[in-house]
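K.L.:
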Amino acid sequence: MSSGAHVLVVDDDAQVRRFLAGELAECGYVVTECKDGATALAATKAQAVDCAVVDVNLAGENGVELLRGLHAVQTDLQVVMITGERSVEVAVSAMKSGAFDYLTKPLDTERLTVAVRNATAVVEKEREIRRLREAVRDSCGFRAVLGTSPSLRRAVGLAERVAASDVPVLLTGESGTGKEVIAQAVHASSRRASGPFVAINCAAIPSELAESELFGHEAGSFTGALGRRAGRFEEAHGGTLFLDEIEAMPSAIQAKVLRALQDRAVTRVGGSKSTPADARIVAATNRSLEKMIGEGRFRDDLFFRIAVVSIQLPPLRERMEDVPLLAEHFLREAAERGGHAIRGWSAEAMQSLLRYAWPGNVRELRNVSVYASLVCDAETILPCHLPDRLVQASGTPGEAVGPRLEDAVEALERWLISDALRRFGGVQARAAEFLGTTKRILNYKISKYGLGRDREASRAGGGDGGGDGGGDPESKEPPCVAADPPGAPGETSGGPEGP
Ligand SMILES: Nc1ncnc2c1ncn2[C@@H]1O[C@H](COP(=O)(O)OP(=O)(O)O)[C@@H](O)[C@H]1O
Ligand SMILES: [Mg+2]
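The C-terminal position of the sequence shown is numbered 681 in the numbering used here, with every residue numbered one higher than the one before it.
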């Protein structure tokens with residue numbers, strides 16, 4: 183159980199040291215003997231250490247000083263102190279300095295092994311928590327925002343730069359462009375990351391309940407208000423409040439929200455005293471608030487308060503080069519979840535994806551990928567596995583704006599080439615033959631699209647860029663899984679409540 187953990191035994195008495203080391207080695211620990219503080223510090227700098235057993239009275243040295251030194255090198259190791267005296271002061275001073283436990287000589291080996299076992303268990307748990315935190319940060323943070331198009335990267339770059347500050351951010355863009363994904367990433371990368379992320383969809387709250395929903399209420403403050411209840415502003419205290427579809431906020435509420443933001447406090451409906459509610463505001467809208475201000479439907483003072491930084495998310499049809507990357511990611515995710523052995527998109531299906539205008543943006547692409555994975559009874563997704571609207575969309579008569587021809591063509595070319603390279607393990611001659619072109623042309627296109635670099639870039643950007651979910655020798659990294667979708671596939675308007 184305990185085997186493998188690395189324990190230092192630091193004692194100037196060679197006999198005691200050897201004895202303790204032997205006992206611990208027998209329990210399965212990897213033990214390093216250190217005769218003094220300098221040796222212990224050197225060992226800690228050289229290797230990961232889980233626990234150090236330190237004699238308080240090292241010849242001419244202070245064991246408590248050493249404890250601080252060890253912690254300075256590796257903050258997460260635990261120290262068990264040993265002393266010859268039954269001195270309460272020394273014990274207290276050791277524990278105050280952060281020792282995990284304290285044992286007196288003559289040593290009871292049973293107590294020693296229990297102390298070391300507990301110490302290493304704590305270290306292991308703390309490391310596990312850190313790993314999980316990092317995984318959560320990766321799945322909710324900016325790594326979850328996929329796409330390499332310059333317009334998206336510009337928006338994401340700005341969001342990343344302002345995330346750490348506490349300024350309010352306004353995200354604009356059509357529905358399904360990733361506003362909520364960015365809002366979560368801003369929160370996860372902010373100083374408030376360990377605080378709550380509370381999402382409210384302003385369009386989904388009936389206006390007569392909006393005030394109580396946002397600010398809470400005291401018991402009996404209105405018909406139906408049974409108990410007292412904290413509002414969403416209070417819930418978000420210390421964290422981030424995501425006001426989605428803020429254009430739908432009733433005007434009467436707008437004034438109260440402004441007040442709450444200025445005061446960093448709220449007063450519950452029917453209450454008289456104010457409660458602190460300090461939340462960072464991230465708002466989202468798919469309308470032009472400026473236009474609404476002009477029409478007298480949105481307060482300009484609230485607008486200036488929430489739009490300190492305004493970030494526009496581009497619609498998918500204006501960044502068609504992101505379609506293949508996103509489609510591959512969503513398909514892999516859907517196939518894994520559903521346990522389907524689907525290798526990827528066929529060139530014909532990808533062509534359909536790239537001819538479509540994506541009025542529902544990334545959300546629609548995700549839904550189409552899920553649909554295709556469910557309908558597909560073959561190894562690769564064929565056009566017959568796509569919803570009819572995509573296959574018929576070559577001209578897309580009903581659509582006001584389609585994808586820009588050149589972007590779509592380039593995106594398809596780029597995808598076909600990287601797909602062929604992947605298929606033939608990067609051997610250009612075979613990829614060229616497969617694509618019915620010459621090596622020279624292929625080579626030219628590879629450098630034109632920066633495909634060598636691109637794989638790295640898309641990795642750095644969070645996606646793993648390639649892979650059909652299996653057999654790709656390069657996909658060692660775990661796929662970057664996006665944050666749990668804020669709604670089941672198929673929902674058309676993002677309007678989730680926060681976690
Ligand atoms: N850049 C992106 N990378 C990965 N997934 C995305 C991206 N943009 C959007 N999505 C996915 O698309 C769906 C809709 O995104 P969402 O943030 O809710 O859009 P919006 O809030 O703008 O309506 C979600 O399932 C989300 O995970
Ligand atoms: Mg949304």
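The beta-carbon is built from N, C-alpha and C at its ideal position, and this holds for glycine as well.
Once the 5 residues before and after residue 456 are set aside, which same chain residues still bring their CB inside 8 Å of it?
P.N.:
Taken in chain order, the residues that qualify are 445, 447, 448, 449.
K.L.:
Are the beta-carbon atoms of residue 418 and residue 375 separated by less than 8 Å?
P.N.:
No. Outside cutoff.
K.L.:
May I ask whether a heavy atom of ligand 4 can be found less than 7 Å away from the beta carbon of residue 466?
P.N.:
Annotation note on ligand 4: not contained in the displayed structure, which lists ligand 1 and ligand 2 as its ligands.
K.L.:
Which residues in the same chain as residue 401 place their Cβ atom closer than 6 Å to its Cβ, once the five residues preceding and following it in sequence are excluded?
P.N.:
So the qualifying residues of the chain are 409, 410.
K.L.:
Taking the straight line between their C-alpha atoms, what separation do you get for residue 321 and residue 493?
P.N.:
Answer to the nearest angstrom: the Cα atoms are 21 Å apart.
K.L.:
Using 8 Å for Cβ pairs, my map puts residue 513 next to residue 555. What's the rounded Cβ distance?
P.N.:
About 6 Å separates the two Cβ atoms, so the contact holds.
K.L.:
In three-state terms, what does DSSP make of residue 623?
P.N.:
Here residue 623 sits in helix by DSSP.
K.L.:
Which runs of the alpha helix (DSSP H) spanning at least 4 residues fall entirely within the segment 382–453, listed in chain order?
P.N.:
List check, alpha helix (DSSP H) in window: 389–397, 414–417, 433–445.
K.L.:
Rounded to whole angstroms, what's the CA-CA distance from residue 365 to residue 353? Just pull it up for me.
P.N.:
So the two alpha carbons sit approximately 8 Å from each other.
K.L.:
Counting along the chain, where does the beta strand (DSSP E) carrying residue 284 start and finish?
P.N.:
Start and end: 283–286.
K.L.:
Suppose the cutoff is 7 Å on Cβ atoms and the five residues either side in sequence are ignored; what does the same chain contact list for residue 393 look like?
P.N.:
Excluding positions up to five away in sequence, the list reads 435, 438, 451.
K.L.:
If we ignore side chains and look at the alpha-carbon of each, how far apart do residue 467 and residue 519 end up?
P.N.:
C-alpha separation (whole angstroms): 31 Å.
K.L.:
In the DSSP assignment, the beta strand (DSSP E) including residue 188 goes from what residue to what residue?
P.N.:
From DSSP, the beta strand (DSSP E) with residue 188 extends over 188–192.
K.L.:
Would you mind giving the Cβ-Cβ distance between residue 526 and residue 358, rounded to the nearest angstrom? I have them listed as a contact below 8 Å.
P.N.:
Actually they do not touch by this definition, with Cβ atoms about 23 Å apart.
K.L.:
Kindly indicate which three-state DSSP category residue 460 falls into: helix, strand or coil?
P.N.:
If DSSP states are grouped into helix, strand and coil, residue 460 belongs with coil.
K.L.:
For my contact list, residue 218 and residue 194 are in at a C-beta cut-off of 8 Å; report their separation, rounded to the angstrom.
P.N.:
Yes, residue 218 and residue 194 are in contact; Cβ-Cβ is about 6 Å, under 8 Å.
K.L.:
Comparing C-alpha positions only, which one of 549, 600, 499 sits nearest to residue 586?
P.N.:
Ranking the options by Cα distance to residue 586, first place goes to 499.
K.L.:
As a quick exercise: from 483, 420, 497, 211, pick the residue whose alpha carbon is nearest that of residue 462.
P.N.:
The residue with the shortest Cα to Cα distance from residue 462 is 420.
K.L.:
Run through the segment 224–289 for me and flag every whole alpha helix (DSSP H) of 4 or more residues, listed as ranges in chain order.
P.N.:
Segments of the alpha helix (DSSP H) lying fully in the segment 224–289: 245–255, 270–278.
K.L.:
Give me the DSSP bridge partner(s) of residue 379.
P.N.:
Note: residue 379 sits in a beta bridge opposite 422.
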